[in-house]
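Enquirer: For the sequence shown, numbering that gives the first Met the number 0 assigns the number 0 to the initial residue and increments by one for each residue that follows.
Cβ atoms here follow ideal geometry from the backbone N, Cα and C, with glycine treated the same way.
Since this is a predicted model, take the numbers as computed values, not measurements.
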Amino acid sequence: MLYSEKVMDHFSNPRNVGEIEDADGVGEIGNAKCGDIMKMYLKIDDGIITDAKFKTFGCGAAVATSSMATELIKGKSIEDALKLTNQAVVEALDGLPAVKVHCSVLAEQAVRSALSDYYTKQGIDPLPIVGEIKEPEE
Ligand code: FES
0 MLYSEKVMDH
10 FSNPRNVGEI
20 EDADGVGEIG
30 NAKCGDIMKM
40 YLKIDDGIIT
50 DAKFKTFGCG
60 AAVATSSMAT
70 ELIKGKSIED
80 ALKLTNQAVV
90 EALDGLPAVK
100 VHCSVLAEQA
110 VRSALSDYYT
120 KQGIDPLPIV
130 GEIKEPEE
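(1) Quick one: what's F53 bridged to in DSSP?
(2) Compute the beta-carbon to beta-carbon distance between T55 and V62, rounded to the nearest angstrom, for a pair I have assumed lies under 8 Å.
(3) Run the CB neighbour count on E78, radius 10 Å, all protein chains shown included, and call it buried at 16 or more, exposed below.
(4) Quick one: is S103 buried, meaning 16 or more other Cβ sit within 10 Å of its Cβ, or exposed?
(5) Taking just the CA atoms, how far does A87 sit from C33?
(6) In this structure, does DSSP put S65 in helix, strand or coil?
(7) Under 7 Å: does the beta carbon of K82 sit that close to some heavy atom of the ligand FES?
(8) Rounded to the nearest angstrom, what separates D124 and M0 at their Cα positions?
(9) Beta carbon of D165: closer than 7 Å to some heavy atom of the ligand FES?
(10) Tell me whether the beta-carbon of G105 lies closer than 8 Å to the beta-carbon of D35.
(11) Where does I133 land, buried or exposed, given buried means 16+ other C-beta within 10 angstroms?
(12) Could you spell out the range, first to last residue, of the beta strand (DSSP E) harbouring E4?
(13) With a Cβ-Cβ cutoff of 8 Å, do V110 and A91 count as a contact?
(14) Mapping DSSP to helix, strand and coil, what is D23?
Right, here's the structure in full:
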């Protein structure tokens, strides 16, 4: 089986799909090569991510990784969310085929992009905290 049960589960039954209307941070990231786009909405209260939702126009692995990423950051502090790596998302999904690992980078960067927007809205320069948001290249 190419995909783990967890990947199939998060693909067929993605968690936290949708938008947050009064989101504190919204991020969007795309992959120019495959054309997939991920949008991430965060609700942040006192440094804690109280809600996370996403919309992904993309491949199954992109849907599964964004679903897992939202699950992993909900209830966590911003600091923890900033530490979320695509590798951690892949591990939480019990792995991804090598050709699909780049899809998880989209999820990681979507979270960072939303956090970057959060800081910008607070009048804080996000660059020293969040770093550069990189569009995955492969
Ligand atoms: Fe584009 Fe998966 S193939 S994100």
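Expert: A quick look at the data gives this:
(1) As a working note, residue 53 is residue 54 in the sequence shown. Answer is V16 and M39.
(2) Against the sequence shown, residue 55 aligns to sequence position 56. Against the sequence shown, residue 62 aligns to sequence position 63. Confirmed, Cβ separation roughly 5 Å.
(3) Within the sequence shown, residue 78 is the residue found at index 79, counting from 1. Exposed, by the Cβ-count rule.
(4) As a first step, residue 103 is located in the sequence shown; it is residue number 104 there, counting from the start. Buried, because 16 or more other Cβ atoms sit within 10 Å of the Cβ of S103.
(5) Against the sequence shown, residue 33 aligns to sequence position 34. Against the sequence shown, residue 87 aligns to sequence position 88. Rounded to the nearest angstrom, the two C-alpha atoms are 22 Å apart.
(6) Against the sequence shown, residue 65 aligns to sequence position 66. Three-state result, S65: helix.
(7) Position 83 of the sequence shown, counting from 1, holds the residue named residue 82. Not so, every heavy atom of the ligand FES lies at least 7 Å from the Cβ.
(8) Residue numbering aside, residue 124 sits at position 125 when the sequence shown is read from its first letter. Residue numbering aside, residue 0 sits at position 1 when the sequence shown is read from its first letter. Each residue's Cα considered, the two are about 45 Å apart.
(9) Past the boundaries of the shown model lies residue 165; the chain is included only from 0 to 137, so the question cannot be answered.
(10) As a first step, residue 105 must be located in the sequence shown, where it is residue number 106. As a first step, residue 35 must be located in the sequence shown, where it is residue number 36. Gly is not the amino acid found at residue 105; the sequence shown has Leu there. Contact: yes.
(11) Here residue 133 refers to the residue found at position 134 when the sequence shown is read from its first residue. It should be noted that the sequence gives Lys, not Ile, for residue 133. K133 should be labelled exposed.
(12) Reading the sequence shown from its first residue, position 5 is the one you call residue 4. Unbroken run through E4 is the alpha helix (DSSP H), E4 to S11; no beta strand (DSSP E).
(13) As a working note, residue 110 is residue 111 in the sequence shown. As a working note, residue 91 is residue 92 in the sequence shown. No; because the gap between Cβ atoms is not below 8 Å, this pair is not in contact.
(14) For this step, residue 23 is matched to residue 24 along the sequence shown. Reduced to three states, the DSSP call for D23 is coil.
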